[in-house]
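S.K.:
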Amino acid sequence: MATSSVNNNTMFTANSLYGVSSTGYKGIASGLDIDTIIDGMTAATRGKIAKQLQRKQIFQWRMDAYRSVSNKLIDFAKKYTSFTSSTNLMSNSFFSQNTITAKGSNSSSVTVTGSSSTAADLSILGIKKLATTASKSWAGVSDKVLATGEFDLAGETNQSLVAGSSITLKYGSSTVSLSLDSNKEYGTMEDVANALNAALKEEGMDTKIEFKAEGNKLSLLNKGDGNNTLEIKSGTESFMNLVGFKVGDKLEKTGDTLTGKEVAGLTQPVPTLDLLKGKKITFTYNGVTKSIQLPEDGTKINTGAGLAQTIQEKLDSAFGAGRINVAFEGTDAKGKLKITTTDDSSVVSMSYADDGVMGKNGVFGVANGESNRLNLDASIKESGFLQNCTPVDGEYKININETEIAFKETDTVKDFIDKINNSDAKVKVSYATTADVLTFVSTESGSSGQVNITDVAGDFAANVLGASNKSEKEGQDAVVTVSFNGTDTMDIVRNSNTFTMDGLNITLNSTFGYIKEKDGSGNETGNLVLDTTQEAITFSSKVDSDKILEAVKSMITDYNDMVDYINKELTTKPNNSSKSNYPPLTAEQKKEMSESEIQAWEEKAKAGMLFNDLDIRNLSNSLRFVLSSANSADLAKMGITTSTSYAENGKITLDEAKFKAALESDPESVKNVFLAEKTDSSLGGMMTQMKAITDKFASTTGSTKGILIEKAGSPSAPTSLLKNYLQTQMDDIDKIVDGLKTKLKSQVTRYNNQFTQLERLISQMNTQSEWLAQQFSY
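The opening residue of the sequence shown carries number 12 in the numbering used here; numbering runs sequentially from there.
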């Protein structure tokens, strides 16, 4: 026998569960348990509150149950009837002839996709020209030499005291870390301040913090407007000591300034040879990276020739002999290294090295990543890009397609390229490292695209973009000769090799069908004429039966799962018979139960929320008869039938072979059976009926939503969450509960006051009794 383990009439000291507190103490004079007595006196009101909350909980559970059903319908509709879905079975185009095949010996000249019922009427007789984009390319824009800066192995090299340093600041609750690039040269304190301010700007803190150079002193300014404290949290020790800052220094308010100490210089001389001894240098050759280490013994590298020979031997060992050449240009210990490859296609670079070797202040004076190609991060002047060029007033100006571009020698190569790419010149510039080719390509395809470059100031275009190493390609339109219905012939002109025509997406791959014209003497005239002996490209089209079959299979599976779920909800009985009863638990009952007991109870209490529900029954019946007698015979011919068992509630079965055969033999009939519109004599096609059902019960749009959405709301229709039938019922219950809680609070206050008065009277009586007892004791 199933019986509930909770007695609904059991009451606990529980006014606090409803937000009402009693005295919290027992009567001192009376000895009464006042809280327990008041709980008993207010039990009726608490019972009314509990009953209303139980009603609300049932409404909530019913709401959840309705939404679980409406979610099934909404998901089904989104997947199979939405125009944005790739499996939209309500779409005419989904059933169209969208598998297009090019036929003929020249079919490789085109690639075609799309959907077109007229594909069979189109022939391509010839492709006279392919579309090309105007471009200009310059090969060999670099000298293909990885050259170091000048060094003196017998002398000294100035080393920066600040490059590579960092400092961390805290402003209010925000922390920012700033670094000085180890590859940059900082000749003055102004350079240091500018670099730190640039880093602050990148972090979005430049309006709150600022560094300033005051002669040879560095100062830090709190310039934010919120009077936040600015504090130095950490920093490179040598840098902090140099400029006179300390960890923990604070600028308490806006306008406060911290000024460091006088700095004698930002560099110090170090013997050049000491900077190279034992140092590692990492090279990359054609994508392979390896490190070499210079000897600790300086005798092998104390001359330029010795240094070059040492590096040559180590590179030969690392990458193989005969691939990289290292040469010294200079005298004795003073000069530079020049590193080249034995073939023009190979790329070698100095990726990085130990401190003191690379960077502005390093022995070699080159940045990390410097190679025998253009270094895009190097300045235009340092890159060797401006060979034999002279600026005007410190800058160059070029005109590209009537758009003027200005740049300076100090701009990086990347800056130069970005300026052009971000301009209105309608060209894109790129640099191919391996090929050492700089290319300007028009962003307009076809004959309208141009790449015209002239000098405005300076001689950059004349010297760097000269004619000696230039290759040029004019833009032209594609010309395709087509025939419709085997009779009408015309030339189609397009600015791209990919275009759409009558529902077909066509990509031209190569020319065909044209030959050079000859005059009466057999000499070529230079013109192209159509070769009528060439086989034309024709097209065939058919439905993508595999794609449609997979979508229909998926739809039927989801439909059957939905039917099962809806009928389970409809037929599951609630656990509320004379032998077992599982109403929602009250707050007082939950106080006496464990979490697992509560969960087990509520699982039974939630069962049967939609048992024999009228709306769910109507939904079930609508789905059961979705294959109406008007189209069931046609569907059966295509392999789609309804289960003959009444217990299956209208589940659909699919004969895949039969359906695919129908698709391939008569796709229009299949489409009509799915998509036929509703008429006075017909409910319409299968998907037409299904959409009508999902709209009727679960539409999330319009002023009036679907039946289940109006009743319980849905997250898919946000406004319905606050305005639906069940929510209105729960809102009404909340008002009743609020009134009952107010009444309960009033009752508890009244009873507390009464018992307080009783305590006072009993206390007075006890005092008088004690006094009388004392009088009679004499």
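Idealized CB from N, CA, C, for every residue including glycine.
How long is the line joining the alpha carbons of residue 508 and residue 519, rounded to whole angstroms?
M.R.: Within the sequence shown, residue 508 is the residue found at index 497, counting from 1. Within the sequence shown, residue 519 is the residue found at index 508, counting from 1. Looking at the two C-alpha atoms, the distance is approximately 5 Å.
S.K.: Less than 8 Å between the C-beta atoms of residue 424 and residue 462, yes or no?
M.R.: Counting from 1 along the sequence shown, the entry for residue 424 is found at position 413. Counting from 1 along the sequence shown, the entry for residue 462 is found at position 451. Going by C-beta atoms, residue 424 is not nearer than 8 Å to residue 462.
S.K.: State the start and end residues of the unbroken beta strand (DSSP E) segment that holds residue 528.
M.R.: If you number the sequence shown from 1, residue 528 lands on position 517. Residues 525–529.
S.K.: Does the Cβ-Cβ distance between residue 99 and residue 105 come in under 8 Å?
M.R.: The residue labelled residue 99 in the question sits at position 88 within the sequence shown. The residue labelled residue 105 in the question sits at position 94 within the sequence shown. The answer is yes: Cβ separation under 8 Å.
S.K.: Among 738, 411, 420, 219, which residue has its Cα nearest to the Cα of residue 432?
M.R.: Here the question's residue 432 lines up with position 421 in the sequence shown. With distances taken between Cα atoms, residue 432 lies closest to 411.
S.K.: Just grab the DSSP bridge partners of residue 450 for me.
M.R.: Locating residue 450 in the sequence shown gives position 439, where the first residue counts as 1. Bridge partners of residue 450: 148, 441.
S.K.: Let me check understanding here. Comparing Cα to Cα, which of 216, 449, 291, 626 lies closest to residue 150?
M.R.: By 1-based counting over the sequence shown, the position of residue 150 is 139. Nearest C-alpha to residue 150: 449.
S.K.: Return the CA-CA distance between residue 515 and residue 123, expressed in angstroms with no decimal places.
M.R.: Your numbering for residue 515 matches position 504 in the sequence shown. Your numbering for residue 123 matches position 112 in the sequence shown. Cα-Cα distance, rounded: 7 Å.
S.K.: Could you give the residue range of the beta strand (DSSP E) that holds residue 655?
M.R.: Position 644 of the sequence shown, counted from the start, is the residue given in the question as residue 655. Unbroken run through residue 655: none, as it is neither H nor E.
S.K.: Tell whether a beta-carbon distance below 8 Å holds between residue 383 and residue 157.
M.R.: Taking the first residue of the sequence shown as position 1, residue 383 is located at position 372. Taking the first residue of the sequence shown as position 1, residue 157 is located at position 146. It is a contact, given that the beta carbons lie within the stated cut-off.
S.K.: Residue ranges of each alpha helix (DSSP H) run of no fewer than 4 residues wholly in the segment 235–266, ordered along the chain?
M.R.: The qualifying runs are 248–254.
S.K.: Can you give me the C-alpha to C-alpha distance between residue 288 and residue 312, rounded to a whole angstrom?
M.R.: One-based indexing of the sequence shown puts residue 288 at position 277. One-based indexing of the sequence shown puts residue 312 at position 301. When rounded, the distance between both Cα atoms is 8 Å.
S.K.: Where residue 654 and residue 635 are concerned, what is the direct C-alpha to C-alpha distance, given to the nearest angstrom?
M.R.: Residue mapping note: residue 654 aligns to position 643 of the sequence shown, counting from 1. Residue mapping note: residue 635 aligns to position 624 of the sequence shown, counting from 1. Using only the alpha carbons, I get a separation of about 10 Å.
S.K.: So, using beta-carbon positions, are residue 381 and residue 360 closer together than 8 Å?
M.R.: Numbered from its first residue, the sequence shown carries residue 381 at position 370. Numbered from its first residue, the sequence shown carries residue 360 at position 349. In contact: residue 381 and residue 360 (Cβ atoms closer than 8 Å).
S.K.: Would residue 239 pass as a contact of residue 182 if the rule is Cβ separation under 8 Å?
M.R.: Translated into the one-based positions of the sequence shown, residue 239 becomes position 228. Translated into the one-based positions of the sequence shown, residue 182 becomes position 171. Yes.
S.K.: Per DSSP, residue 301 forms a beta bridge with which residues?
M.R.: Your numbering for residue 301 matches position 290 in the sequence shown. Answer is 294.
S.K.: Rounded to whole angstroms, what is the Cα-Cα separation between residue 598 and residue 604?
M.R.: By 1-based counting over the sequence shown, the position of residue 598 is 587. By 1-based counting over the sequence shown, the position of residue 604 is 593. If I take the Cα positions, the gap works out to 10 Å.
S.K.: Whole angstroms is fine: what's the gap from residue 138's alpha carbon to residue 144's?
M.R.: Within the sequence shown, the letter at position 127 stands for residue 138. Within the sequence shown, the letter at position 133 stands for residue 144. Each residue's Cα considered, the two are about 17 Å apart.
S.K.: Assign residue 602 to one of two classes, buried (16 or more other C-beta atoms within 10 Å of its C-beta) or exposed (fewer than that).
M.R.: The residue labelled residue 602 in the question sits at position 591 within the sequence shown. Answer is exposed; the Cβ neighbour count stays below 16.
S.K.: Can you tell me the Cα-Cα spacing of residue 257 and residue 251, whole angstroms?
M.R.: If you number the sequence shown from 1, residue 257 lands on position 246. If you number the sequence shown from 1, residue 251 lands on position 240. Their backbone Cα atoms lie some 6 Å apart in a straight line.
S.K.: The alpha helix (DSSP H) that contains residue 9, what's its start and end?
M.R.: Outside the modelled stretch of the chain, which goes from 12 to 789, sits residue 9, for which no answer is possible.
S.K.: Helix, strand or coil: which one does DSSP assign to residue 12?
M.R.: Against the sequence shown, residue 12 aligns to sequence position 1. The pLDDT assigned to residue 12 is 34, lower than 50, so where the model puts this residue is not dependable; a value taken from the coordinates is nonetheless given after this. In this structure, residue 12 counts as coil in the three-state DSSP scheme.
S.K.: Can the beta-carbon of residue 702 be found closer than 8 Å to that of residue 489?
M.R.: What you label residue 702 is simply residue 691 of the sequence shown in a count that begins at 1. What you label residue 489 is simply residue 478 of the sequence shown in a count that begins at 1. Cβ atoms of residue 702 and residue 489: not closer than 8 Å.
S.K.: With a floor of 3 residues, list each beta strand (DSSP E) that falls wholly inside the segment 609–674, ordered by position along the chain.
M.R.: Entirely contained in the segment 609–674, the beta strand (DSSP E) runs reaching 3 residues are, in chain order, 651–653, 663–665.
S.K.: Can we say the segment 72–85 touches the segment 707–726, given the rule of at least three CB pairs closer than 8 Å?
M.R.: Enough Cβ pairs lie closer than 8 Å, so yes.
S.K.: Within 10 angstroms of its Cβ, does residue 649 collect 16 or more other Cβ (buried), or is it exposed?
M.R.: One-based indexing of the sequence shown puts residue 649 at position 638. It is buried - the Cβ of residue 649 has at least 16 other Cβ atoms within 10 Å.
S.K.: Leaving aside the five residues before and after residue 23 along the sequence, list all residues of the same chain whose C-beta is less than 8 Å from its C-beta, in chain order.
M.R.: On the sequence shown, residue 23 is found 12 positions in, with the first residue counted as 1. For residue 23, the pLDDT reaches just 43, beneath the cut-off of 50, and the residue's location in the model is therefore unreliable, leaving the point undetermined.
S.K.: Per the contact definition of three or more C-beta pairs closer than 8 Å, is the segment 274–284 in contact with the segment 219–234?
M.R.: The segment 219–234, when compared against the segment 274–284, does touch it at the 8 Å Cβ threshold.
S.K.: Start and end of the alpha helix (DSSP H) containing residue 86?
M.R.: Within the sequence shown, residue 86 is the residue found at index 75, counting from 1. Looking at the DSSP string, the run of the alpha helix (DSSP H) that includes residue 86 is 54–91.
S.K.: Can you tell me the Cα-Cα spacing of residue 521 and residue 548, whole angstroms?
M.R.: The residue labelled residue 521 in the question sits at position 510 within the sequence shown. The residue labelled residue 548 in the question sits at position 537 within the sequence shown. Answer to the nearest angstrom: the Cα atoms are 13 Å apart.
S.K.: Just verifying my parser: in three-state terms, what is the DSSP assignment at residue 361?
M.R.: Residue numbering aside, residue 361 sits at position 350 when the sequence shown is read from its first letter. Three-state result, residue 361: strand.
S.K.: Under 8 Å: do the segment 190–208 and the segment 406–422 share three or more Cβ pairs, one atom per stretch?
M.R.: Result no; under three Cβ-Cβ pairs closer than 8 Å.
S.K.: Quick check on the burial criterion: 16 or more other C-beta atoms within 10 angstroms. Buried or exposed for residue 785?
M.R.: Against the sequence shown, residue 785 aligns to sequence position 774. The residue is exposed, with fewer than 16 neighbouring Cβ atoms inside 10 Å.
S.K.: Just to confirm my understanding: we take residue 268, look at its own chain, exclude 5 residues before and 5 after, and list those with CB closer than 6 Å. What are they?
M.R.: Position 257 of the sequence shown, counted from the first residue, corresponds to residue 268. For residue 268, where only same-chain residues beyond five positions count, the Cβ hits under 6 Å are 230, 232.
S.K.: Would you identify the three-state DSSP class for residue 487, choosing helix, strand or coil?
M.R.: Here residue 487 refers to the residue found at position 476 of the sequence shown. Residue 487 falls in the strand class under three-state DSSP.
S.K.: Taking all protein chains shown into account, do 16 or more other C-beta atoms lie within 10 angstroms of the C-beta of residue 570, making it buried, or fewer, making it exposed?
M.R.: Along the sequence shown, one-based indexing puts residue 570 at 559. Its Cβ being crowded by 16 or more others within 10 Å, residue 570 is buried.
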